[in-house]
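Working notes, beginning with the structure itself.
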Amino acid sequence: MLCECGKHEATIHEVIITSDKRKVERHLCELCAREQGVSNDPYIPIDQLISTTNYIMGQALTQAEQAADPEQPSIKKPTSVRPHSTPTSCVGCGLSFAQFKKNGLLGCPACYQTFEDRIGPMIERAHEGGFSHVGKVPHRALSSCQSSGDSSRIESLLGDVRQREQRLETLRQRLAKSIHDEEYEQAAMLRDELTRLTTLVGSQVEPQPRGHKPSESC
Numbered sequence: 001m002l003c004e005c006g007k008h009e010a011t012i013h014e015v016i017i018t019s020d021k022r023k024v025e026r027h028l029c030e031l032c033a034r035e036q037g038v039s040n041d042p043y044i045p046i047d048q049l050i051s052t053t054n055y056i057m058g059q060a061l062t063q064a065e066q067a068a069d070p071e072q073p074s075i076k077k078p079t080s081v082r083p084h085s086t087p088t089s090c091v092g093c094g095l096s097f098a099q100f101k102k103n104g105l106l107g108c109p110a111c112y113q114t115f116e117d118r119i120g121p122m123i124e125r126a127h128e129g130g131f132s133h134v135g136k137v138p139h140r141a142l143s144s145c146q147s148s149g150d151s152s153r154i155e156s157l158l159g160d161v162r163q164r165e166q167r168l169e170t171l172r173q174r175l176a177k178s179i180h181d182e183e184y185e186q187a188a189m190l191r192d193e194l195t196r197l198t199t200l201v202g203s204q205v206e207p208q209p210r211g212h213k214p215s216e217s218c
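With my numbering as the guide, the letters of the sequence shown map in order to residues 1 to 218.
Pasting the structure below:
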C-alpha cells in the first residue's frame with residue numbers, strides 16, 4: 001500500500017477515532033510520518049487506546065441491543081400502510097366477492113389473497129369447529145324424485161330452506177379452508193359437491209297444492 005503522498009510504501013498505519021465517533025485511517029511512509037509528527041512507536045498512547053476501546057465497545061453494545069430488540073432498526077425504514085379499502089374483485093381473474101359468496105368457488109390462487117380479510121373469519125370459524133359435518137347429497141335419489149315431482153321427498157333429502165343454506169355455507173367454509181391449506185384435491189371435491197348441491201337446490205320443483213290437478217287440454 002502506498003503512502004498518502006503516493007511516492008513511497010506506507011509503513012505506518014494510524015487509526016484515529018474522532019470526537020463524533022468517526023474512524024479515520026491514515027497510511028504514511030516514514031518520511032511523511034516524521035514531517036507530520038506521527039510517531040512510529042509500536043506502543044499506542046493511552047488516550048488513543050481509551051478512545052479506540054470506547055468506540056469498539058459502543059459498537060458492540062449497539063449491535064447487542066439490536067439483536068435483543070429486532071424491532072429497533074439502526075436505520076429507519078418506511079413502514080408500509082395497508083390500504084383500508086377492501087378490493088371488490090380478484091386482481092388475478094376478476095372474480096367478484098359477490099360471485100364467490102354466491103357460488104363458493106374461487107377462480108384462481110390469487111382470489112384467496114384478494115379476499116383474505118373476508119375469507120379469514122370463515123376459516124377461523126372452521127378451525128374453531130364452527131361448522132358441522134355435511135354428508136354427500138344422494139344425487140340418484142334426488143334425480144328420481146325430480147322426475148316424479150315428489151317435492152316432499154326432495155325436501156326430506158335436502159332439508160328445509162335454513163338447512164340447505166347451512167349446508168351450502170358449510171361447504172363454502174370447508175372449500176375456503178382447503179384452498180388456504182393448499183389441499184387442492186380436497187378443494188376440488190368440495191367445489192364439485194358445492195356445484196352439484198347449488199344446481200339441485202336451484203332446480204328443486206315447487207310443491208304443488210293438494211288437490212291440484214293439471215288442466216286438461218280441450
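All C-beta atoms, glycine included, are put in the ideal place defined by N, C-alpha and C. Quick caveat: nothing in here was measured; it's all calculated off a predicted structure.
Boundaries for Lys177: no beta strand (DSSP E) harbours it, while the alpha helix (DSSP H) harbouring it runs 161-180, taken from the DSSP string. Rounded to the nearest angstrom, the Cβ distance from Glu30 to Thr11 is 6 Å, consistent with a contact under 8 Å.
In the structure shown, Glu9 falls within a strand segment according to DSSP collapsed to helix, strand and coil.
If you look at Leu95, you'll find it isn't in any beta strand (DSSP E); DSSP assigns it neither H nor E. Contact between Leu194 and Leu175 is confirmed by a C-beta separation of about 6 Å, below the 8 Å threshold.
The beta carbons of Ala110 and Gly92 sit closer together than 8 Å.
The criterion of a C-beta distance shorter than 8 Å is not satisfied by Thr62 and Cys90.
Nearest to Lys7 by C-alpha distance, out of Arg22, Val24, Cys32, is Cys32. Ranked by Cα distance from Ala98, the first of Leu28, Arg162, Arg172 is Arg172. For Arg26, the enclosing beta strand (DSSP E) begins and ends at 23-28.
Distance from Leu190 to Ser178 at the Cβ level is roughly 6 Å; contact confirmed, criterion being Cβ atoms closer than 8 Å.
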